[in-house]
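K.L.:
Protein chains in written order, with my numbering: chain A, 1 to 470; chain B, 1001 to 1840.
The beta-carbon is built from N, C-alpha and C at its ideal position, and this holds for glycine as well.
Being a predicted model, the structure only gives us computed values, none of them experimental.
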Amino acid sequence: MLLTVSTTHQPATDLGYLLHKHPDRVQEFKQSFGSVTVFYPEATDERCTVALMLNVDPVRLARSRAKNAPDFSLAQYVNDRSYAASSLLGVAMADVFSTARSGRCNANQELADSAIPLEIVIPVLPCRGGAEIAHRLFEPLGWTVEAEPIPLDDDFAEWGDSRYVRLKLTGVVRLADALNQLHVLLPVLDESKHYWQGPDEVDKLLRSGEGWLATHPDANLITRRYLGRRSGLTRTALARLAELGDEVEEAIEPAEEEDILQPEEKRVPLNTQRHDAVYQTLLDLGARSVIDLGCGPGQFLDRLVKTPAFTRVAGSDVSTRSLQYAARRLRVERMSERQSERVDLFQSALTYEDDRFAGFDAAVLMEVVEHVDPPRLEALERVVFGAAKPGAVIVTTPNCEYNELYEGLVGMRHPDHRFEWNRQEFADWSDHVASTYGYVVERRGIGDLDDTLGTPTQMAIFTRKEGSDD
Amino acid sequence: MTESSTETHQVTVPAMGLVVLVGISGSGKSTFARTHFKSTEVVSSDFCRGLVADDENDQSATPDAFDVLHYIVGTRLRRGLLTVVDATNVQQQARASLIKLAKSHDVLVDAIVIDVPDTVAIERNKQRPDRDFGTHVVSRQHRDLKRSFRRLSKEGFRRVHVLRGTDQIDAVEIVRERPWNDRKDIHGPFDIIGDIHGCASELRTLLTELGWKLQYDGTTAIDATHPDGRQAVFVGDLVDRGPDTPGVLRLVMGMVASGNALCVSGNHEAKLVRALKGSKVTVSHGLAESLAQMGAESEDFGKQALDFMDGLISHYVLDDGKLVVAHAGLKQSYHGRSSGRVRSFALYGDTTGETDEYGLPVRYPWAQEYRGQAMVVYGHTPVPKAEWINNTICLDTGVVFGGELTALRYPERELVSVPAEQQWYEPVRPLAPAAGDREASVLKIGDVAGTRWLETTHAGKVKIPEENAAAALEIMSRFAVDPRWLIYLPPTMSPVATSKVDGFLEHPEQAFDEYAGWGVTRVVCEEKHMGSRAIAVITKDADAAERRFGIGDGTTGVVYTRTGRPFFDDTTELVNRLRIAADPLFESLDTDWLALDCELLPWSAKAIDLIKAQYASVGAAALNVLPEALAVLEQAAARGLDVGDITARSRRRLTNAEAFRDAYAAYVHPTNGLDGVTLAPFQILASEGRALALTESHEWHLAELAKLEGDLITPTRHRFVDLASRDERDAATQWWLDLTASGGEGVVVKPAHLTEGRIQPGIKVRGREYLRIIYGPDYTDSLDVLRDRFLGKKRQLAQREHGLGIEALAAFVDHEPLWKIHQSVFAVLALESEPVDPRL
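(1) Flag D1502/B as yes if its beta-carbon sits less than 9 Å from any beta-carbon of chain A, otherwise no.
(2) Can you look up Y1316/B in the DSSP assignment and give me helix, strand or coil?
(3) Which residues, in chain order, does the stretch 1601-1624 of chain B contribute to contact with chain A at a C-beta distance below 8 Å?
(4) Tell me whether T234/A sits in a helix, a strand or coil according to DSSP, three-state version.
(5) Please confirm if L350/A has its CB atom under 9 Å from at least one CB of chain B.
(6) Quick one: is K1444/B near chain A, going by C-beta distance under 9 Å?
(7) Check whether chain B comes within 9 Å of H371/A, counting only Cβ atoms and requiring the distance to be less than that.
(8) Note down, in chain order, all residues in the stretch 1766-1777 of chain B with a beta-carbon under 9 Å from any beta-carbon belonging to chain A.
(9) Put I1196/B into one of helix, strand or coil per three-state DSSP.
(10) By the three-class DSSP mapping on this structure, what secondary structure does F1790/B have?
(11) Note down the Cα distance separating L54/A from H1698/B, rounded to an integer number of angstroms.
(12) So, with DSSP's three-state summary, where would you put L18/A?
(13) What residues in the stretch 30-63 of chain A have a beta carbon less than 9 Å from any beta carbon of chain B?
(14) Helix, strand or coil: which one does DSSP assign to L366/A?
(15) Please classify T1740/B: is it buried, with 16 or more other beta-carbons within 10 angstroms of its beta-carbon, or exposed?
(16) When you compare each of C105/A, F29/A, G438/A and N399/A to E425/A by their alpha carbons, which one comes out closest?
(17) Compare the Cα-Cα distances from L1405/B to each of T1392/B, N1390/B, W1388/B and H1380/B and report the closest residue.
(18) Can you find a CB in chain A that lies within less than 9 Å of the CB of Y1779/B?
(19) May I ask you to list the residues that DSSP assigns as paired with V1113/B?
(20) By how many angstroms is the C-alpha of D344/A removed from the C-alpha of T434/A?
(21) Considering T397/A, what are the terminal residues of the beta strand (DSSP E) in which it resides?
(22) Take T1556/B as the anchor and find which of R1562/B, A1536/B, D1569/B and G1564/B has the nearest alpha-carbon.
(23) Which first and last residues belong to the alpha helix (DSSP H) in which S1650/B is found?
(24) Looking only at DSSP bridge pairs, what is F1157/B linked to?
(25) With contact counted as at least three CB pairs below 8 Å, one residue from each stretch, are the stretch 294-302 of chain A and the stretch 315-327 of chain A in contact?
(26) Which runs of the beta strand (DSSP E), 3 residues or longer, sit entirely within the stretch 1678-1758 of chain B?
(27) Cα separation between A157/A and L1601/B?
(28) Let me know if Q280/A comes out buried or exposed under the rule of 16 or more other beta-carbons within 10 Å of its beta-carbon.
(29) Quick one: is W1180/B buried, meaning 16 or more other Cβ sit within 10 Å of its Cβ, or exposed?
(30) When you compare only the Cα positions, how much space is there between A1276/B and S1139/B?
(31) Where does the unbroken beta strand (DSSP E) through F29/A begin, and where does it stop?
(32) Just to confirm the assignment, what range does the beta strand (DSSP E) spanning S82/A have?
(33) For R321/A and T1457/B, what's the separation of their Cα atoms in angstroms?
(34) Under the three-state reduction of DSSP, which class applies to Q1422/B: helix, strand or coil?
(35) Please tell me whether W429/A has its Cβ less than 9 Å away from any Cβ of chain B.
(36) Measuring straight from C-alpha to C-alpha, what distance separates G1198/B and G1247/B?
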């Protein structure tokens, strides 16, 4: 909630002209989410500093339901918005110094057009990605960056650093540019989740980014983060349940991408190989109707839908959010009547018997079983193999033996994995399931084969025995 | 075909079933229906035509109108309501489709033919301007009707009642006849006895064991009575295989004749009847023994026995519909119904048509899917031990194969068995556990998903909205413990009504006033531990876990969070330590399992990530920015700028931030694995046979829990307050002030005694400093705003969740099926995702 800008350009008090705020006055400006006070702690010819203090009262804001507040965190009474230089400070600053940001100065246009020595101090800046990201974002713009991590709590040194840094930028920069950069980069650095986004956000970004954003080496990251907002009602319900269980919300987010603890260059090809292998298996089996159990955001499902050979395609997942993504990916709303009769998307849990699982030639459980607690696997087996009884079931899961080839991987490949099997364990499990429920099983590897450790992914293809169809 | 005479005019129709009126247009069917049936019982084709066409006479709408008519009739029959179809029905196809509809709902169907001369009908139609069709239509209908008479009785109606002429029609009295299987009027208590198969001696022993007094004719037992007026119900298969089928029949026939017993038919009786009647049947499965034994009996007895067995019906619905007895069980939609397939299900079970490796029919495990309210008791499939599956139980424990003869006492749900005196008959296959005996943990998505209304004893009917269920499904299926352990989830708790005391948002005095207002005379103030809510379900040993919870993997309990998630990756050690600490309770409650409501301490043991991400972060931000802000403000002040107000505010905020930081730090204690972790139990939720949360007062709970000792246990400090005593109230308030001043979260105020009616089960009064981590560091500056808070919804939820939780506990204690327990527990979780102000 505090930001200071100093200059040693002489006479330094010209800063007042550039900002259109008189150095000897204390001015207060109302914002929808609080009030901003602008004053000058020092104003001499040698050095002039303007301080911008944002005062947010979270209680009052939450009470008034903060209808148009641009930040969802305000709904919580306990939040850092009244202390940290959040996106709110960015918004307030942009507004209070709007003329200065436009680079206009009737009193001294020449000065407004010039780069001048500036020092910007933000005592508490939320910095998603750590101090390093502050360097990455500000240095290409000509700043010298000091980003000092702030510890969480001095009494609990073992907790380490907080998500905040004390940021000091020094450089010779045009003031309007400096302000515009802060306007864009404060929300980019801010960790808090934005649930609401005005339709004009893109325009704002383009205007403030004029002259520097396009050439910024991290322009993509900046754009993505600035515009990356989330939404959804179920989400807030889940957030509520997370807190109830004394968990942070991230802990219950659906596992959308597999092997996230793996570097991208290994992960992406393996994903593709896995999809290819399962897809080819389905074609080889001659399956006409397929259900993707645990379809997530629908990557694989999309491929199934695009294949006319599959006359009936269903996807189910326990996460309503993943299903929303899947529906968007498949463009369910825009499907023709004929198409939408072919495709079905629904919420379900694999530990609950569900009539909608029944009647498919093949079911796919791709990277799903390892997200189920071992004591609950029996229920999954019964639901899929015992009750739904598809003609074939394809199961893929990591081979943990292979993990030692992943550099730096400690533990399992994904924080939500409840177990990872070696090849023997997978063989034992799949043999047991096959014999219990009247299936024949065949196992294959997916991904680059290591002579001793096998492949990174293992696959089991279960086909129901003749005569077991009742 | 019954032709009613003009003087007595009783027409008997099935109380649950379909009545098809048959008569030409203008014959007076509608008037007849109006006179004898409730208006909602009558569905007329004219009305349906009006529904779909805005014109009751628009003949072009007839096909659609009949679609609607069939839909309404079908729905009513499914729901078990008597339904009368008012349409001409003079054509055979029209009647056939209605008969088919009735059969598809397994109900009886009668026809009532209203036969008036066509001249009368034509005359009547002329009086009605809307009936503008010509006389030829009526004449054609009349021809159709006449043609129908010949075959009407063969079309599938149970009875066809023909009423001729207006006099007879006017004199009719309709009598509603209950189905034979409907014996809801008798309420027991019952002793329900499993498959006997000619084991007469064991039957006598069992009856004696159950307290029956046998009556003899010489050495032959011919009847039995129970001094407590109990009634016996035999599930069938009295005959075949065993040594003395006539002896069994004689006793059972006597008991049925004297009204001391009811008996349903088994498949063996059905086959024996066919054999005795001379039908060609394969003599197998012990039929030969019966035929030989019956052959040695008098012809007279043989005839009586044949009549008896031939007259047995296939199932009974007893005790207001709460109990159903059928030989091979019965699915819910067949209860109280009458049709060939209902009888066949009741006699033979839900067979798939396949046979197993022993050549015996494979039976579909209907009990697994059973979701009905009525208890279903049956036999038919020999099992080693009678076990409950979804409120159904099979009593055939294979006495004839050397097993046991078993009876179920109803409503006590008590099993009584006597062993076979010997193996009388070699089983074709070894006795196997009931199909899917260990599968009782299978839940169906329909048990929990979608918008649901749950009936609860303590909170009335509770609605669970679909979107809440969706969120709960995600949490439940991804994170919760095995549903068989999850017999309870705690409800949310409302804070006290907002205090008016200066500087306080919450204050005990308000809680005392509230409870006094609800008629409570004495309350207990329990220290509210600031940790994580924990439900502990522990068993004495692995056997108890398997027997009572069906968990056979050797685990002996679990400790889980408010969202059903296990504490720590492996709760075994915690469970083991708690079992030792809780030893006195196992003793005093004479139980081999316990469910405890606790708080797990310290808060940081579970919530450390939350503390760091949410609370410590805010503290770090505040304590780093405010000093710098004060520094620049001082600089500005030194320049002569007027920043007095903002400086004072910032100083105050720094003080608040420091207090906030101290507030959360008070609940952080280093733990290492279980070292440093304690449990503070404050209520014993349930033990074997007892839903203690429901039946015992908090005073009792606290006294029982005081018996626990050991490092693991943190006692719950508390004090009782007589609400009429000013001194006791003031002393309790002082206690609360001291408790919260030294870092305590606050207290929970609960009635000390059991209460009637729907009052809050507890309300929390949180301390002034603690509330900083709820309402934010500066909340004390905004008390005026915060006082204006709405507790209504929170309290409604607290009440409903409490009711649902209790419902689940009671269901578990009463051995209700898992799905029933689970749907209540699931509903608590679903309601917890409801967006109420989370600070309350």
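P.N.:
This is what the structure holds:
(1) No, no contact with chain A.
(2) In this structure, Y1316/B counts as strand in the three-state DSSP scheme.
(3) Within the stretch 1601-1624 of chain B, contact with chain A at the beta-carbon level (separation under 8 Å) is assigned to W1603, K1606, A1607, D1609, L1610, K1612, A1613, Q1614, Y1615, A1616, S1617, V1618, G1619, A1620, A1621, A1622 and N1624.
(4) Caution is warranted here: a pLDDT of 44 is assigned to T234/A, below 50, making its placement in the model unreliable, and no coordinate value can be reported.
(5) For L350/A, the closest Cβ of chain B is nearer than 9 Å.
(6) Yes, because at least one Cβ of chain A sits closer than 9 Å to the Cβ of K1444/B.
(7) True, the Cβ-Cβ gap to chain B drops below 9 Å.
(8) Per Cβ criterion, the list reads R1772, I1773, I1774, Y1775, G1776 and P1777.
(9) Coil.
(10) F1790/B falls in the coil class under three-state DSSP.
(11) Per the coordinates, the alpha-carbon of L54/A lies some 50 Å from the alpha-carbon of H1698/B.
(12) Look at L18/A here: in three-state DSSP terms it is helix.
(13) Listed in sequence order: T37, F39, Y40, P41, E42, A43, T49, A51, M53, N55, D57, P58, V59, R60, A62 and R63.
(14) Here residue 366/A is Met; the residue named in the question, Leu, does not match the sequence. DSSP, read as helix, strand or coil, puts M366/A in strand.
(15) By the Cβ neighbour-count rule, T1740/B is buried, with 16 or more other Cβ atoms within 10 Å of its own.
(16) Residue nearest to E425/A within the set C105/A, F29/A, G438/A and N399/A is N399/A (criterion: CA-CA distance).
(17) Comparing Cα positions, the closest option is H1380/B.
(18) For Y1779/B, the answer is yes, since a Cβ of chain A falls inside 9 Å of its Cβ.
(19) DSSP output for V1113/B lists V1022/B and V1162/B as bridge partner(s).
(20) This sequence places Ala at residue 434/A; Thr is not what is there. Near 28 Å, if we compare the C-alpha coordinates of D344/A and A434/A.
(21) Here the beta strand (DSSP E) through T397/A covers A392 to P398.
(22) Nearest to T1556/B by C-alpha distance, out of R1562/B, A1536/B, D1569/B and G1564/B, is A1536/B.
(23) Start and end: G1644 to A1665.
(24) Beta-bridge partners of F1157/B (DSSP): none assigned.
(25) Segment contact: the stretch 294-302 of chain A against the stretch 315-327 of chain A, three or more CB-CB distances shorter than 8 Å; contact assigned.
(26) Taking only runs of at least 3 residues, the beta strand (DSSP E) segments lying wholly in the stretch 1678-1758 of chain B are 1678-1687, 1718-1722 and 1746-1751.
(27) Their backbone Cα atoms lie some 21 Å apart in a straight line.
(28) Taking a 10 Å sphere around the C-beta of Q280/A, we find fewer than 16 other C-beta atoms and assign the residue as exposed.
(29) With fewer than 16 Cβ atoms within 10 Å of its Cβ, W1180/B is classed as exposed.
(30) The sequence shown places Leu at residue 1276/B, rather than the Ala named in the question. Those two C-alpha atoms are separated by around 52 Å.
(31) Segment Q27 to Q31, the beta strand (DSSP E) holding F29/A.
(32) Careful: S82/A lies outside any beta strand (DSSP E) and carries neither H nor E.
(33) When rounded, the distance between both Cα atoms is 35 Å.
(34) In the displayed model, Q1422/B falls within coil according to three-state DSSP, outside both helix and strand.
(35) At least 9 Å separates the CB of W429/A from every CB of chain B.
(36) The alpha-carbon atoms of G1198/B and G1247/B are separated by roughly 7 Å.
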